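What follows is a single structure, written as structure tokens, with notes after it.
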Amino acid sequence: MRFSVAMPEDLLMRFDALVAKRGLAKNRSEVVRDLVREALIEEDCALPGEEVMGTLTIVFDHHSGDVRDKLDTIQHEYYEQIVTCLHVHLDAHTCMEVVILRGESALVQSISNIILGTKGVTHGHLTMTTTGHGPYQAPASKQAAMTWAHEHPHTPASSAVYPVR
Ligand code: NI
19 MRFSVAMPED
29 LLMRFDALVA
39 KRGLAKNRSE
49 VVRDLVREAL
59 IEEDCALPGE
69 EVMGTLTIVF
79 DHHSGDVRDK
89 LDTIQHEYYE
99 QIVTCLHVHL
109 DAHTCMEVVI
119 LRGESALVQS
129 ISNIILGTKG
139 VTHGHLTMTT
149 TGHGPYQAPA
159 SKQAAMTWAH
169 EHPHTPASSA
179 VYPVR
């Protein structure tokens with residue numbers, strides 16, 4: 019489908035500069051399509067219950083108070099949502115961590131806010147992308163664990179076949 023768009027000249031000039039940066043393979047239409055797709059993915063991430071992948075990048079000084087311990091505690095608390103974590107030593111004091119999260123969008127956002135709000139974390143940023151799976155559903159193993167726990171209420175979790183919390 020074709021449609022025409024009106025925009026202020028200065029905005030169009032900046033847009034053309036962006037199109038030029040994206041290389042010869044891209045023209046205005048292709049870049050508009052890319053931007054629309056990006057916006058729609060963000061829109062999906064904002065849907066309540068949507069399953070998303072989050073990439074949280076944080077920077078902190080590991081000598082600052084007990085920030086290292088606090089971050090570990092938070093990551094253990096949400097081990098079901100935190101898929102992995104990459105730690106990079108930037109210099110003698112500064113660390114960067116890239117935390118990959120998976121789960122329901124509101125939960126991924128609140129875990130990220132807890133981490134970003136930890137004293138000693140100097141800055142960071144969360145990026146979310148949808149998995150395309152729609153509303154979040156607990157994995158089959160987790161559902162089995164919940165059913166098992168429900169059917170065996172007096173059995174200590176430690177003796178469960180499944181990792182029940
Ligand atoms: Ni480090």
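Residues 19 to 183 in my numbering are what the sequence shown lists, from first letter to last. C-beta: ideal position from N, C-alpha, C; glycine also. Keep in mind the model is a prediction, meaning the values are calculated, not measured.
Worksheet item: So what's ARG120 in DSSP terms, helix, strand or just coil?
Response: strand
Item to complete: Report the three-state DSSP secondary structure of MET31 (helix, strand or coil).
Response: helix
Practice prompt. When you get a sec, list the residues whose CB is within less than 5 angstroms of any heavy atom of the ligand NI, chain order please.
Written response: HIS107 and CYS113
Worksheet item: Taking C-alpha atoms, which residue in GLY138, VAL116, MET146 and ALA64 lies nearest to GLY83?
Response: GLY138
Fill in: Backbone secondary structure at VAL179 - three-state DSSP
Its pLDDT being 47, under 50, VAL179 is placed unreliably in this model, and the coordinates cannot settle the point.
Worksheet item: How about SER123 and ALA64: are their beta carbons less than 8 angstroms apart?
Response: yes
Discussion item. At the level of alpha carbons, what is the spacing between HIS80 and GLY142?
Written reply: 15 angstroms
Discussion item. Would HIS151 and GLU69 qualify as a contact pair, given that the criterion is a beta-carbon distance under 8 angstroms?
Written reply: yes
Worksheet item: Cα separation between LEU74 and ILE118?
Response: 6 angstroms
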